[in-house]
Structures are given as C-alpha cells and as structure tokens.
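Taken in order, these protein sequences are the chains called A and B. The first sequence: position 103 = 103 (our numbering), numbered continuously. The second sequence: position 251 = 251 (our numbering), numbered continuously. Beta carbons are placed, not taken as given, at the ideal position from N, Cα and C, and that holds for glycine. Beneath this line is the structure, given in structure tokens, with notes to follow.
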Amino acid sequence: MSLAPFFADVRALPIVTVQPPLEVRIPAEGRGRNGAMFQMILINGLVFGGVYATLAVGFSLVFGVAKILNMAHTGFYMITAFLMFVGSAVIGIPLLPSALLSIFTAGIVAIICYKLVFDRVKTHEIALLIISIALAMLFQEILLLIFAAHYRNIPPFVPGYREIAGLRVSYQHLLTIGSTVATLVALWALLTRTRLGDAIRAVAEDSETANLMGINVGRVCMITMGISAVLAGVAAAVVAPLFTVEPHMWVHPLIMILAVVVLGGMGSIKGSVMAAFILGFAETVVVFLVPSGGYLRGAVSLGIMVVVLIVRPEGLFGVVFEEERL
Amino acid sequence: MKRISFLVGIAAFFAFLFTPWTAPFTVAEDNVIKIGVIGPMKFSHGIATWTGASIAAEEINGHGGVTLGDRKYRIELVKSDSNEYLSVTDAISAMEKLITVDKVNYILGGFRSEAVFAMQEVMTDNKILFMSVQAAHPKLCGRIAEDYDKYKYYFRIGSLNSVYLGELSYAYLALVKEALKSVLGIEKPRVAIQYEKAVWADPIVSTAQKRLPELGFEIVRVGRNSATATDVTGDLSAIKAADAQIIWSGGAGPVQNVLPKQWGELEIPAALVSISSVLPEKKHWEATGGGCNYELGLCPVGRVAITPKTIPFYDEFHKRIDDYPTTGGGIAAYDWLFVLREAIERARSLKSDDLVPALEKTDYTGAEGRIVFHPPQHKWPHDAIWGPEYITYTGAQWQDQSLEIVWPDGRALWGDERWKGVKFEGTKPYKLPPRMITYWKGKR
Numbered sequence: 001m002s003l004a005p006f007f008a009d010v011r012a013l014p015i016v017t018v019q020p021p022l023e024v025r026i027p028a029e030g031r032g033r034n035g036a037m038f039q040m041i042l043i044n045g046l047v048f049g050g051v052y053a054t055l056a057v058g059f060s061l062v063f064g065v066a067k068i069l070n071m072a073h074t075g076f077y078m079i080t081a082f083l084m085f086v087g088s089a090v091i092g093i094p095l096l097p098s099a100l101l102s103i104f105t106a107g108i109v110a111i112i113c114y115k116l117v118f119d120r121v122k123t124h125e126i127a128l129l130i131i132s133i134a135l136a137m138l139f140q141e142i143l144l145l146i147f148a149a150h151y152r153n154i155p156p157f158v159p160g161y162r163e164i165a166g167l168r169v170s171y172q173h174l175l176t177i178g179s180t181v182a183t184l185v186a187l188w189a190l191l192t193r194t195r196l197g198d199a200i201r202a203v204a205e206d207s208e209t210a211n212l213m214g215i216n217v218g219r220v221c222m223i224t225m226g227i228s229a230v231l232a233g234v235a236a237a238v239v240a241p242l243f244t245v246e247p248h249m250w251v252h253p254l255i256m257i258l259a260v261v262v263l264g265g266m267g268s269i270k271g272s273v274m275a276a277f278i279l280g281f282a283e284t285v286v287v288f289l290v291p292s293g294g295y296l297r298g299a300v301s302l303g304i305m306v307v308v309l310i311v312r313p314e315g316l317f318g319v320v321f322e323e324e325r326l
Numbered sequence: 001m002k003r004i005s006f007l008v009g010i011a012a013f014f015a016f017l018f019t020p021w022t023a024p025f026t027v028a029e030d031n032v033i034k035i036g037v038i039g040p041m042k043f044s045h046g047i048a049t050w051t052g053a054s055i056a057a058e059e060i061n062g063h064g065g066v067t068l069g070d071r072k073y074r075i076e077l078v079k080s081d082s083n084e085y086l087s088v089t090d091a092i093s094a095m096e097k098l099i100t101v102d103k104v105n106y107i108l109g110g111f112r113s114e115a116v117f118a119m120q121e122v123m124t125d126n127k128i129l130f131m132s133v134q135a136a137h138p139k140l141c142g143r144i145a146e147d148y149d150k151y152k153y154y155f156r157i158g159s160l161n162s163v164y165l166g167e168l169s170y171a172y173l174a175l176v177k178e179a180l181k182s183v184l185g186i187e188k189p190r191v192a193i194q195y196e197k198a199v200w201a202d203p204i205v206s207t208a209q210k211r212l213p214e215l216g217f218e219i220v221r222v223g224r225n226s227a228t229a230t231d232v233t234g235d236l237s238a239i240k241a242a243d244a245q246i247i248w249s250g251g252a253g254p255v256q257n258v259l260p261k262q263w264g265e266l267e268i269p270a271a272l273v274s275i276s277s278v279l280p281e282k283k284h285w286e287a288t289g290g291g292c293n294y295e296l297g298l299c300p301v302g303r304v305a306i307t308p309k310t311i312p313f314y315d316e317f318h319k320r321i322d323d324y325p326t327t328g329g330g331i332a333a334y335d336w337l338f339v340l341r342e343a344i345e346r347a348r349s350l351k352s353d354d355l356v357p358a359l360e361k362t363d364y365t366g367a368e369g370r371i372v373f374h375p376p377q378h379k380w381p382h383d384a385i386w387g388p389e390y391i392t393y394t395g396a397q398w399q400d401q402s403l404e405i406v407w408p409d410g411r412a413l414w415g416d417e418r419w420k421g422v423k424f425e426g427t428k429p430y431k432l433p434p435r436m437i438t439y440w441k442g443k444r
C-alpha cells in the first residue's frame, strides 16, 4: 500500500466513475444446499485471525520488552519466506529443514540488525521508527535486485483440504491456527518457566530496576529481538505457503499487525491475540456479507481500530491487563 | 534596498528555473531516434515491454533503420522504470525525466491505467507522441474524443480497452457454457464475478451485470477484492457456498496468482475464467504451484500463426528471457516500432504533430494481428480495433503444465458470424476441470 496518491500531482487524480452502491447480500442459506453461513464465517474468521495473531505476537513482544516499534518485523517474515523458497525450490532441501534453517537465519539477521542499528538509536524513538521502516525497504530492494518482482510459490507442508461445515479449509490454514496455539504455549513456557523469561519480564516491567538487579538489559533486548524475528519466521513458515512470495509481501501484513497491536494494547501479547481474531472476523464478515465491497475489508478492520481507540485510547487490553503484559 | 535586491534575485532564479529554455524535442539528433520505454521494469510486464521493443529495434536497425528522405535513422531505446504498481507519482517523474533529461523523441509503454491517465498529462504538456502498450481503460482514448487537440498524441495498440476485454471474456464464457451444456447438461450456468477493485475493471464489472443475464448466465455473487489481497479463501468459500459453476475473475495484481493457487488447492468445483495479466506468463504455473491447471483466460498472443510474424517473434522472445511473450506489453511494443517506422516514412517527418495524422492512417499487419486505429470521430479515437479482421487476441488454458490456445475456435461468437472460421493452427479444445465434472454430474 502506498501513501503516494495522497501527495500526488493533481493530474494523477483518478478519473471518477460512477459506482453502483455496495450491496449487502445475505445469501439465502446458500441456495438451500449449504446452509451454515455462520459456521463459515466462524471458521474463516479463525483462519484469518490465526494468521494475524501469528504475525502480531512477535511484534508485540519486542515492543513490550525493548520498546522498539519494529516496522521491519514483517521484513524478517519476508526474508524467511524467501530463504525457504531458495532452500526448498532452488537448492532442494526438504521443506521442514529448509523452514527451520530459514527461521534460525532470520533470528540471526535480526540480532545483527539490533547490534548494528537499533541499539545505537534506541533512545530516539522517532529515529528508531524511521530506521526500522528504512530497514524493511532495504530488505525489499535487495530481494528485488536478486529475485526481481516475480511471484514465487512455496508448497504447503500438508497439501489438501478438509470440509468443515460445508467449508473447504486447507490443511495449511488449519496448521496456521495450530501453530498460533503452539507458539503462544511455547512463548508462555519460555517467559514463565525459564530464567531468560524472568529476565525478559523484568526488563519489560522496569528496565532500570532490572539493570540494578544485575540483568544485562542490552543483551536481553537483543535476545528478545532474535526471538521476535524467530516468531516472524514461524509465521512465514506457516503462512507463506498460503500466499505467493514476492518482495512487497511485507507491506500488507505490517499494516494489519499495526492495527492488531494498537487495538489489543501496545505491548500486550494477550491483547494482540484477541485483537487479531476480532479483526480476522471483521474481515470475514465483510467478505461474506458485502462481497462487492471485499476490497474494503482492510479498511473496515482499520476503521474498527479507530473507533475502539476513540472510545478507549489504550486499546482493548492496554490498561486492564497491564500487570499481566508478559 | 538590499532586501528588494534579494527578492528580485530569488524571483529571477525561479524564473530561470522554470522558463522552458528548450523547445520540446521532436527532431532527432545525430541520426538517432530516441524512444523512451517506460514501465514497471522490475515486473514481468515492464520486462516484456522492454524485450519486445529491443527485438524490434534490433530488427529495424539491422535492416537499415528508419528512412527519412536521404537520411537513415537508427532507433535507440532508453529504459525507464515507472514503478507504477506502487506509485503514480514515480511514473510521472520517470516520464518527465525521459523527456527533459534523456531528451527522447517519443514515449512507449505504460501499464496501469491510473498511472497512464497521469502520464497523459505529461504528454500533453510536452506534445510528445505516447505509444501505449498495456493500460486498458477506455477513457484513455475517450479523452481524445473530448479534447482532440490536447490528447491526440496518445495511441494504443495494447492492451485492448477494457470494454473489448469484457467482450473477449464473454467469448471465453461461451466456451465454458458450451462445455457445461455438452458435458453436464447445464443450460444456464451460475457465475460468480470476482474482480479486483481497479479503474480498468470497473467498466467490465458494471457492463457484465447487464450482459451476462442476456447471454444466458445467472449471476450469483459479485465480489471485488483488493489488487494486493493475499488471501481469497473467504471469497472462494462464499463462491462455493453460492453454488457457482463459473468464477469469472479479473485483475493485474498479485492476487491473480493467489486466486488460482487457492482455487486449485481447495479444488473449488467451478471453472475459472480470468482476465489476468499473469495467466499467460510461463512462471504462472510455478507461482501457483500448479493450482492454475484448467484456468482459462486472456492471452494476447500464443504460439500459433496469427500472422506469419507471430511465431518467429514468439520464439525470439522466449529465447531471450525464458518467458512467453504472452503479456500484451511485449508484442505490442514489438509491433509499435514497426508501426512508428511506417508512420515516420509516410509523414516524412519526425515531429509528433506530423505523426498523428500519419498514424491515424495505419493499416499494418504485425505479429499481433492487423493494426488499425479507430478514427478521430469514434468514441475511442486512436484505439486499436478488435475484431476477426483485426487484432483478435486469443484465449489460453493451462492444461497439465502446458499453456494451450483454445480460442478463437472457429465458431460464431454470440451470433456474430464474422468469427466463423477464425481459428489458428495449433488451437486445442477447451477442457472442463475433471473435479468439476465429478462434482456436478447429476446435479444442477
């Protein structure tokens, strides 16, 4: 998505054509053959929500701990997808090892970026924001140079689909929902059952006091960055086979996860997960009930975010769950 | 006094900056005709345009170039990345740079209608010939009818305008309707329209909602998705729930790979008919993981003998970039340079103003077909005519990793007898997806 049209020369304004009004169509029970519209919205909403939640968790984590609004988060997601493509389609490594290698590499790249870039400017929030966007665009341009803008495909881990309530859901989509759950469980275990997790939560709670208590705050932030990129990589591994891989694939997910984390409450992982499913359902409702307005589904999600923020600026779970942030 | 002097100095500086010291460049220098080739050069469409133009330039230069009186001119191409997928502003800047910095004589290219509308204004400012290869909105030529003197420098060989593309897609729907009737006994197929939300597609969708019922189809759903949508499983689920037997889709963005990919993965039991700029690319099969098998749609040119020039161009293009020249930009760019050469030799001038009336007289048989432009009195002046005696385009279907031409198939088109007998050697029959036959056999 580009903001360029807002600043374009007036001669770039599109020719206005008269559009028919958007039609809200409540299908008549799928022509009496496939009733279950509610179940379809439910399942599709879970699928979309799972995709956004998987992406948003890592973003929320690094903000909560290192206070970095990392706009390059989906850039790591994109890097993992391309590495998976190279590993599996070009070199010939089986898909699962290729995915694991790619996820690990994304984590290393993130740690390097943190040491070389973020660590040096982390006290300047605006500079950090701009630099993270620049980093994402740098990733994009490097990948464009190497791969051009051709669309690539990663095969699914589990091909095929299953019929659920008259809806065909691919196994890869179900894997996405499952991976979201598994990711959250693993993250919870890390944060509550390990010394590293204790350190991460301490830094998130109060970095100065954590420092005074002997925790190396810089190292914890660096490790958190790596974990965040690994989570983005996990998202890529399960989500990229659903879509196509191309050098601009980082843009749309970034917009959606920004909406998710803002809606859920900045730094609240639990809030991010809830918000991801809320927006996933919102998009699904638009697609099913207003098909001629399907292109507005992103706008509807962002609109919901704006409305909630007007009513509750801290996000849905920003204050109530603050003590449970991590 | 000092302050006044300062202000005068500033004013003089800006006056110097914005004074057009140089007249629009219409005269070639050093026996060279410079043509700016503009398009999304990181994407297949821009690459195809550049490649098609390069092949033509080499052929023309190899045969002595363009003859004007006793002078011979060689063609020199200047590549420019418009980045128009992402930024219309970038496209404007790229075009201005071609004219003011690179000092090209003419412009060839353009892909997105949104960008080309804006680029037309640059064209009018500089009164420079703009040879279009892809943008499909009919108003791009409709503007010429509204203000001929301002927009007359714009000519379009490709893409066919979107009204023609809509008519063309009705041809593909005719194939599917015939197959559904003969194989499954379905007389009135149910169609789900699924088009990207883009300027070029709006006329197609609005017209189709009236035309399709007249042609014997039932519309069960009208969906519009964003061109950059990454997941259309919701749309596909709703389409299946609506019992659609045909998905009629259209788009030029990444979603045109995602849709067939997910259509194939979920084995949606509906025929997929696409007006898609990516369907005819060699990489489409790979990009969809084979999901596009049995997808039918737009293909400006296939490896069939539309004219004697088609197959030699097709093979040369394929050899250069390991892709089919099946996106419209490549073959349109190729034919454009020959059309331009003829127009220059006919007009005996290199000036854009002199070339306009010369181009209006074009009747050239190129690799794409017979190129004739609508006259100035038409509602779409300077637009290439589509028809059985002109540019026909083809319909192609992916059949087990092979892109086969399935239309024109020699039959009359919705009662238009002019199409009877129009069939190119190498054309194969259309096939319904086998899963569709299994699913719908015995159902209605």
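Taking the Cα positions, A:Val51 is about 15 Å away from A:Lys270. Cβ-Cβ distances below 8 Å link A:Val65 to Ile200, Val203, Ala204, Val220, Cys221, Thr224, Leu326 in the same chain, with the five nearest sequence neighbours on each side left out; the list follows chain order. At a beta-carbon threshold of 8 Å, none of the residues of chain A lie near B:Glu146; the nearest stands roughly 11 Å away. Look at the segment 231-244 of chain A: the residues with a C-beta under 7 Å from a C-beta of chain B are Leu242, Phe243, Thr244.
Residue pairing of B:Thr365 in beta bridges, as defined by DSSP: B:Arg370. Taking CB atoms only, A:Thr176 has no neighbour in chain B less than 8 Å away. Boundaries of the alpha helix (DSSP H) around A:Phe48: 37-66. Apart from the 5 residues on each side of it in sequence, B:Leu212 sits with its Cβ closer than 7 Å to the Cβ of Val191, Ile219 in its chain, given in chain order.
B:Lys97 is outside the set of residues whose beta carbon lies under 8 Å from a beta carbon in chain A. By alpha-carbon distance to B:Thr124, the top candidate from B:Thr310, B:Ser132, B:Lys152, B:Ala145 is B:Lys152. B:Leu184 is positioned such that its CB atom lies closer than 8 Å to that of B:Lys441.
Cβ atoms of B:Val199 and B:Ser87 stay farther apart than 8 Å, at about 16 Å. Fully enclosed beta strand (DSSP E) runs of no fewer than 3 residues occupy 130-132 of the segment 107-136 of chain B, in order along the chain. A:Leu302 and A:Ala259 have their C-alpha atoms roughly 6 Å apart. The beta carbon of B:Val273 sits no closer than 8 Å to any beta carbon of chain A. Secondary-structure assignment with DSSP links B:Ser249 through a beta bridge to B:Gln194, B:Ser274.
Our two residues, A:Arg162 and A:Leu174, have alpha carbons roughly 9 Å apart in a direct line. Nearest to B:Leu108 by alpha-carbon distance, out of B:Asn61, B:Glu121, B:Phe117, B:Ser80, is B:Ser80. Contact note: B:Phe43 reaches chain A through Ala149, using a C-beta cutoff of 7 Å and chain order. For B:Val258, the nearest beta carbon of chain A is closer than 8 Å to its own beta carbon. Of B:Tyr148, B:Leu272, B:Asp409, B:His137, the smallest CA-CA separation from B:Ala244 is found for B:Leu272.
For B:Lys428, no pairing in a beta bridge is given by DSSP. Taking 7 Å as the Cβ-Cβ cut-off, the segment 204-230 of chain B approaches chain A at Ser206, Arg221, Val222, Gly223, Arg224, Asn225, Ser226, Thr228, Thr230, given in chain order. Contact between A:Ser179 and A:Thr54 holds: CB atoms are separated by about 6 Å, below the 8 Å threshold. Where B:Trp285 is concerned, the enclosing alpha helix (DSSP H) starts and stops at 283-287. Separation of the CB atoms of B:Ser54 and B:Glu281 is rounded to 18 Å, and the pair is thereby denied contact status at 8 Å. Along the segment 162-189 of chain A, the positions whose C-beta sits under 9 Å from a C-beta of chain B are Gly166, Leu167, Arg168, Val169, Ser170, Gln172, His173, read in chain order.
Here A:Leu167 carries a strand assignment [DSSP, helix/strand/coil]. Interface residue (Cβ-Cβ distance to chain A less than 8 Å): B:Ser237 is classified as such. Looking only at A:Trp250, A:Ile68, A:Ala240, the smallest Cα-Cα distance to A:Leu143 is reached by A:Trp250. Under a 10 Å Cβ-count criterion, A:Thr194 is classified as exposed, with fewer than 16 other Cβ atoms of the shown protein chains found around its own Cβ.
Membership of A:Ala202 in the alpha helix (DSSP H) is indicated by the continuous run 195-205. The beta carbon of B:Asp235 lies closer than 7 Å to those of Gln194, Gly223, Asn225 in the same chain, with the five residues before and after it left out. For B:Thr394, the three-state secondary structure derived from DSSP is strand. About 18 Å separates the CB atoms of B:Val205 and B:Thr228; that is not less than 8 Å, and the two are not in contact. When CB distances to chain B are screened at a threshold of 8 Å, the residues of the segment 134-146 of chain A falling below it are Leu144, in chain order.
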